[in-house]
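All residue numbers for the sequence shown refer to this note's numbering, where the first residue is 647 and numbers rise by one. We treat Cβ as the ideally placed atom computed from N, Cα and C, and that holds for glycine. Following: one structure in structure tokens, then a few remarks.
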Amino acid sequence: MLSGLVIVDKPQGWTSHDVVARLRRLAGTRKVGHAGTLDPMATGVLVVGINKATRLLTYIVGTTKAYDATIRLGRATVTDDAEGEVTQTRTTAAVTFDAVRAGIAGLTGPIDQVPSSVSAIKVNGERAYARVRSGEDVTLAARPVTIDAFDVHDLVRGTDDDGEYLDVDVSVRCSSGTYIRALARDLGEGLGVGGHLTALRRTAVGPYTLAQARTLDELADDFVMLDIADAARALMPVRELTAGEAVELSFGRRIPASEHGRHTAADPAAAFAPDGTLTALLADRGNYAKPVLVFPPDPEMRPEIAPINSHRTPRP
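Structure representation (structure tokens):
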């Protein structure tokens, strides 16, 4: 059973669950999960774990994300994106590039963001979007996020049946948990004209980018997967083990702490056996490093090496 990450270029109109279902069929296994939902209207990087690599997903979810997006100013919608009903229309004739740039500057860095009311956040056990669809007014609590970069690439003025609008093409690099729809809404509100998201493409999740991504059609023809060891090396600090240390960890035992920085359970090091096999994720505690997760080798791959503490008396 092969284990690794599949970097999918999610198509528009598909849910993240749809993608997982397709990959279960392509990979021939039920043990498949993803590292962070993309809305159906969005495209781009969706990181999917296969078999043992699903255990890495917890550490991928919290990584920095990057997006390309188009924000339409002059229109507010109930969902803060193009799929919702327009609730407000205003003229953008007086909105200048300098005003847009100033508005974006105010939304860059550490901010408190109120998620979209149609997000998947649970309110008293029920998804916020389900409450909105049932006619309930939902206002979610603000939460801290960090916008590392919010760059404008182009401004395009246009008109439709409701009058003029201003489209702003942007790139965003942000912390996990940021809602790009909410950025579009808040930019429009700050400029006094309303705004919503019309296009969204995720270009990176942590170290995994569109350059590695494959469409579902491409994966159906050639199922390309990032090996679990390569995936962990790209994601985490690395500790190279001796053969004896690798065996100790394979049994869930502790080894001496790393000499190159401290690692925690939330930010562990990926530990590799001399042959390059991913053995465990390690957290340092005092003078020792303990496995947070152990990746047992396949039985035929287990090295015939005696444990370091082979003098211990076996338990009955």
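Burial state of H842 (16 or more Cβ within 10 Å): Residue burial annotation: H842 is buried, with at least 16 other C-beta atoms found within 10 angstroms of its C-beta.
Minimum C-alpha distance to G838 - residue among I653, A830, G708: Sorting I653, A830, G708 by C-alpha distance to the C-alpha of G838 places A830 at the top.
Residues near E973 by beta carbon distance below 8 angstroms, same chain, minus five either side: Examination of residue 973 is not possible in this model, given that the chain is present from 647 through 962 alone.
Length of the line joining the Cα atoms of C820 and V693: About 17 angstroms.
Segment contact flag, the region 843-856 with the region 708-717, C-beta cutoff 8 angstroms, min 3 pairs: Yes: at least three Cβ pairs fall under 8 angstroms.
Beta-carbon proximity check, I874 vs G650, cutoff 7 angstroms: Result yes, Cβ atoms of I874 and G650 sit closer than 7 angstroms.
Cα-Cα separation, R676 to A919: For the pair R676 and A919, the Cα-to-Cα distance works out to about 28 angstroms.
Close beta carbons around V791, own chain, < 7 angstroms, minus the five adjacent residues each side: Short of 7 angstroms from the beta carbon of V791, and not among the five residues preceding or following it, lie these beta carbons of its own chain, in chain order: I757, Q759, C820, S821, G823, T824.
Cβ neighbour criterion (16 or more within 10 Å) applied to R643: Residue 643 lies beyond the range of the chain shown here (647 to 962); nothing can be said about it.
Whether I696 touches A673 by CB criterion (7 angstroms): For I696 and A673, yes; Cβs fall inside 7 angstroms.
Integer-rounded CB distance, given that P914 should sit under 8 angstroms from L927: Taking a contact as a CB-CB distance under 8 angstroms, the pair L927 and P914 counts as one, their CB atoms being some 4 angstroms apart.
8 angstroms CB neighbourhood of Q734 in its chain, flanking five on each side removed: Residues R721, A722, G840 of the same chain have their beta carbon placed closer than 8 angstroms to that of Q734, with the five preceding and five following residues left out of the count.
Residues bridged to G890 [DSSP beta-bridge criterion]: As far as DSSP is concerned, G890 takes part in no beta bridge.
Straight-line Cα distance separating V654 from L703: Approximately 14 angstroms between the Cα atoms of the pair.
Whole-angstrom distance between D794 and L648, CA atom to CA atom: Rounded to whole angstroms, L648 to D794 spans 36 angstroms at the Cα level.
Where the beta strand (DSSP E) containing V732 begins and where it ends: V732 -> beta strand (DSSP E) spans 732-735.
E731 burial status per 10 Å Cβ neighbour count (16 or more: buried): Under this definition E731 is an exposed residue.
Contact the region 858-877 vs the region 892-905: 3+ CB pairs below 8 angstroms: The region 858-877, when compared against the region 892-905, does not touch it at the 8 angstroms Cβ threshold.
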